[in-house]
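Read in order, the letters of the sequence shown are residues 39 to 481 in our numbering. Heads up, the beta-carbon is just placed ideally off N, CA and C, and yes, glycines get one too. Because the structure is a prediction, the values reported are computed rather than measured.
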Amino acid sequence: MIKKSPFPVLGLFALLAVAGPAAAAAVDLEYFNVKSYGAVGNGIADDTAAINSALSAARTAGRGTVFFPAGIYKTSGSHDLSGTNGLRILGSGMGATVLKMADATHDLFFSNTDTTDLTLQDFSVTSDPGVRTAGWVYHAGGAYNATTGSLKRSRLESIDVKKQVNAFWIAQYEYVWLKNLMLTNFVGSGGTAIKVGQTTLTDHNQGSELYILGTQINGQDLVNHSDPLVLAYGIWIEDTDAVYIVNSGVGATLNNNLRITANAGGHGPMNFFFDQLISDATLNSHGVYITGGGAVYNLKFTGSWFASAGKAIPGGSLTANGIRMDVASLGFVEITGSKIVNNSGTGLYLATHATNAAITFTGNLVWANGSGGQVGNTDGIYVDVPINNLGPVITGNQDTYEPGVSLRTSATANRLVIVGNRFVSGVSFGIPPNVQGLNEGVN
39 MIKKSPFPVL
49 GLFALLAVAG
59 PAAAAAVDLE
69 YFNVKSYGAV
79 GNGIADDTAA
89 INSALSAART
99 AGRGTVFFPA
109 GIYKTSGSHD
119 LSGTNGLRIL
129 GSGMGATVLK
139 MADATHDLFF
149 SNTDTTDLTL
159 QDFSVTSDPG
169 VRTAGWVYHA
179 GGAYNATTGS
189 LKRSRLESID
199 VKKQVNAFWI
209 AQYEYVWLKN
219 LMLTNFVGSG
229 GTAIKVGQTT
239 LTDHNQGSEL
249 YILGTQINGQ
259 DLVNHSDPLV
269 LAYGIWIEDT
279 DAVYIVNSGV
289 GATLNNNLRI
299 TANAGGHGPM
309 NFFFDQLISD
319 ATLNSHGVYI
329 TGGGAVYNLK
339 FTGSWFASAG
349 KAIPGGSLTA
359 NGIRMDVASL
369 GFVEITGSKI
379 VNNSGTGLYL
389 ATHATNAAIT
399 FTGNLVWANG
409 SGGQVGNTDG
419 IYVDVPINNL
429 GPVITGNQDT
439 YEPGVSLRTS
449 ATANRLVIVG
459 NRFVSGVSFG
469 IPPNVQGLNE
479 GVN
């Protein structure tokens, strides 16, 4: 039998009174309300100094929560979070707490030394029209070959970003989660919603294990879709390892919804997993673009959607592919159970590369690509592999409604395995593949 306590249920302050002044002081040391440091939160007064004071108090305490009650906090940004381990920036919820950036180019928050157990959570970021021309909501990292600058064991969660040029750049990291982010209504030009890693000149890895979960990125607003297209890149991954994107969507970008870049001489990106990723609508370039003079290895796309490249608005690129891979060296890529549909150019375009690819393309639906009508870019799938190099294994796919053919190969792409597909739009082999059979639409 559960015995009833002889003591009443106590609220926080009553408990502190029972525990004594020492416990109250301990709690106070870890909780810093920006209004206690002079913030007004009316969207008019400049709260920059008050926010810095609260951050300074948390830094002095060694950790803690800097809390923003509901309100609109105007700030010039450049708030330094470097090296304050166990710091949490907490609002009262998206739409309730709004951080209003008033400077044209500053980052709202940044860290450039090792920072551990950081949390940014439950607030919105915006600016007045015409204010922002550069800068990030949060930028973590130092020089690519620095020994410090990494963001570790940290999370960015439930943040709504509008009217910014760029959102989040995690240049160096170890175990970082970006979860439930809403990044829309971008301004300026040439911006990126999320950048992971950075350009390297030597084989110096920039991170391991970064997760993007339940996140929506759209260059326009999500209500009227009336904003001009100015966001250049949705997610850009460069010279780093182990990125996982799950249940997330990117759309309405100028260039690429997802870009993976491998720089010659730098660290080759590898070990990326994309599960239920939506790439929907670009204007000038490919939906997913894997490129650069370096090497990319071990990618997996599962249950994803690659659509409408070149079709974000009328007048877009006529040769934009749903997925294009033309990186110098490519290996171990799987695309499974996904849809590649309604792109201006060829749906999946595998350009020539200098090494074995070992690509598996299985159980996908490909249809209605190539509407741009450009020669060599009107097909469902195009494969160009050097002679006798391992080409893709293409099995169990269905392709239809292409103005060109379902599958086209180059004159050197001989080492392919093509079995058990339905190619309603037919095929065009530049050279007979080594293994092919049980395919509908192959004469």
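DSSP places Lys-200 in the coil class of the three-state scheme, outside both helix and strand.
Exposure of Ala-302 is indicated by the presence of fewer than 16 other C-beta atoms within 10 angstroms of its C-beta. The shortest CA-to-CA distance from Leu-248 to any of Thr-237, Ile-273, Ala-83 and Ser-463 is the one to Ile-273.
Pairing Tyr-75 with Ala-88 gives a Cβ-Cβ distance under 7 Å. Under DSSP, Ile-432 shares a beta bridge with Phe-399 and Ile-456. By the neighbour-count criterion, in which 16 or more other beta carbons inside 10 Å mark a residue as buried, Ser-227 falls on the exposed side.
DSSP lists Asp-313 and Thr-374 as the beta-bridge partner residues of Thr-340. Residue environment: Ile-351 is assigned as exposed (fewer than 16 neighbouring CB atoms within 10 Å of its CB, all protein chains considered). Around the Cβ of Gly-168, a 10 Å sphere holds fewer than 16 other Cβ atoms; the residue is exposed.
Taking the CA atoms as reference points, Gly-173 sits about 38 Å from Gly-375. When the five nearest sequence neighbours on each side are left out, the beta carbons in the same chain lying within less than 6 Å of the beta carbon of Leu-321 are those of Leu-267, Leu-292, Ala-350 and Gly-354, in order along the chain.
With at least 16 other beta carbons inside 10 angstroms of its own, Glu-276 counts as buried. Here the stretch 302 to 318 makes contact with the stretch 283 to 290; the two share three or more CB pairs at distances below 8 Å. Each residue's CA atom was taken as its position, placing Leu-356 and Arg-446 some 18 Å apart. C-alpha of Ser-91 to C-alpha of Asn-204: approximately 26 Å in a straight line. DSSP places Ile-89 outside any beta strand (DSSP E); the residue lies instead in the alpha helix (DSSP H), whose first and last residues are 86 to 99. For Val-326, the enclosing beta strand (DSSP E) covers residues 326 to 329.
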